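Participant: Residue numbers (the working numbering): 23 to 208.
Backbone N, C-alpha and C fix where the C-beta goes; we use that ideal spot for every residue, glycine too.
All values derive from a computational prediction rather than experimental measurement.
The structure is given below, and queries will be raised subsequently.
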């Protein structure tokens, strides 16, 4: 698959199953992430791969986060606990924010976002599927700490990665002209 085809055909699968990328393939996928724009060469990206039993531990962490936010969550706690089991691999993408007079934090976080997009595209090009999720746990200091991230780190997303087992409905066609405007307007 060429790069342009990967860009215009990537979608988030409805469901993911085994197999996930092996370690060598995950290395290739992360290599694509490392090509994300990086103003100032701060290399803000951090990646945490969670497989196997680690997904259950992540589920417990997500459930604890929900319980702190909503002590009356009830049945929702089990649903939260099951989220990491939606795919055989969860890759946490984070940005380590470095104080800099020239590179604001938002640019460092955007760089991690670009790295996440490169991961989605690399997965697609290599025959895997990936879904990008965030939600309240991405902004929970306790979740970050449990994942080994510090106060200067921001989670850009939880990427669920595996082999597509069900695809979404065909995407709604979008017209570039609906989003592209010339300036100054004629």
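Is residue 208 helix, strand or coil by DSSP?
Facilitator: coil
Participant: By DSSP, does residue 136 sit in helix, in strand, or in coil?
Facilitator: helix
Participant: Run through the stretch 140 to 191 for me and flag every whole alpha helix (DSSP H) of 4 or more residues, listed as ranges in chain order.
Facilitator: 163 to 168
Participant: Assuming residue 111 is part of the beta strand (DSSP E), what are its boundary residues?
Facilitator: 111 to 118
Participant: Return helix, strand or coil for residue 96, following the three-state DSSP convention.
Facilitator: coil
Participant: Would you check if the distance between the CB atom of residue 36 and the CB atom of residue 189 is smaller than 9 Å?
Facilitator: At the C-beta level, residue 36 and residue 189 come within 9 Å of one another.
Participant: Is residue 142 near the ligand ADP, with its Cβ less than 8 Å from a heavy atom?
Facilitator: The ligand ADP is absent from the structure shown, which contains no ligand whatsoever.
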